[in-house]
Amino acid sequence: MGGPFVSRVSHIRQLDIGPVAVRGHVAQLTPPDAGATANVSEAGNIGQDILSRFHVGFDYRRGEMSLAQRTEMRAVQMNDPGMRAGRKPGALDRFTVAGVVTGGPAYKAGVRAGDAILAVDGVPAAKLGGWGLRDRFDRAKEGDKVVLTMADGHKATLVLADFAPR
58 MGGPFVSRVS
68 HIRQLDIGPV
78 AVRGHVAQLT
88 PPDAGATANV
98 SEAGNIGQDI
108 LSRFHVGFDY
118 RRGEMSLAQR
128 TEMRAVQMND
138 PGMRAGRKPG
148 ALDRFTVAGV
158 VTGGPAYKAG
168 VRAGDAILAV
178 DGVPAAKLGG
188 WGLRDRFDRA
198 KEGDKVVLTM
208 ADGHKATLVL
218 ADFAPR
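Residue numbers (the numbering used here): 58 to 223.
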């Protein structure tokens, strides 16, 4: 609605939540004037990846949230293609690339903003559904290869990597 939301990602050294130290997780860093994150009453936003490691309780009367560690927290690999792509109205047979991170896997494979992806690993984009492209990357591991069939006829092979700075 309001245009693209641009942020950067990095691995955090350490985030202390009470007695629990979270190390190596990927953090999304947003500029101080970026939409909802520009709220001066908020110092940050703990994401689902970190909160999923806790049993979360809310005491609405006291305005408190409690966290009890659920599992051992391991660092998460980013395994990201380094691109944003989605569907445009009237073009459900393709994903259109909105942006590419310089130096990321998509960039290295020759994918650029404005390109159209017709298939992912041989599965037509029309059969993947709106979230199909993202689902494919979410299931991937570092080093996995994903082959994109582009509208111009060439195939781009992305080798997924955790390229977030540490």
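Even for Gly, the Cβ is constructed at its ideal location relative to N, Cα and C.
Helix, strand or coil, according to DSSP, for residue i in the structure here?
i	result
Lys198	coil
Gly189	helix
Pro76	coil
Leu215	strand
Gln85	strand
Asp106	helix
Ala125	strand
Gly210	coil
Asp90	coil
Who are the near neighbours of residue i in its chain, counting only those whose CB is closer than 6 Å to its CB and skipping five residues on each side?
i	result
Val66	Val83, Gln85, Ala221
Gly156	Arg141, Ala170
Thr206	Leu175, Ala176, Lys212
Only counting the same chain, and skipping five residues up and downstream in sequence, which positions put a Cβ closer than 7 Å to that of residue i?
i	result
Leu149	Ala183
Gln126	Val77, Arg110, Phe111
Tyr164	Gly139, Val157, Val158
Got a sec? Which residues, its chain only, sit under 8 Å from residue i by beta carbon, not counting five neighbours each side?
i	result
Asp178	Arg193, Val203, Val204
If we call anything under 8 Å between Cβ atoms a contact, is residue i one with residue j?
i	j	result
Pro138	Gly104	no
Gly187	Arg144	yes
request  = Any chance you could list the beta strand (DSSP E) runs of at least 3 consecutive residues sitting entirely within the stretch 139-184, in chain order?
outcome  = Every unbroken stretch of the beta strand (DSSP E) spanning 3 or more residues and falling wholly within the stretch 139-184 is given here in chain order: 140-145, 148-157, 173-177.
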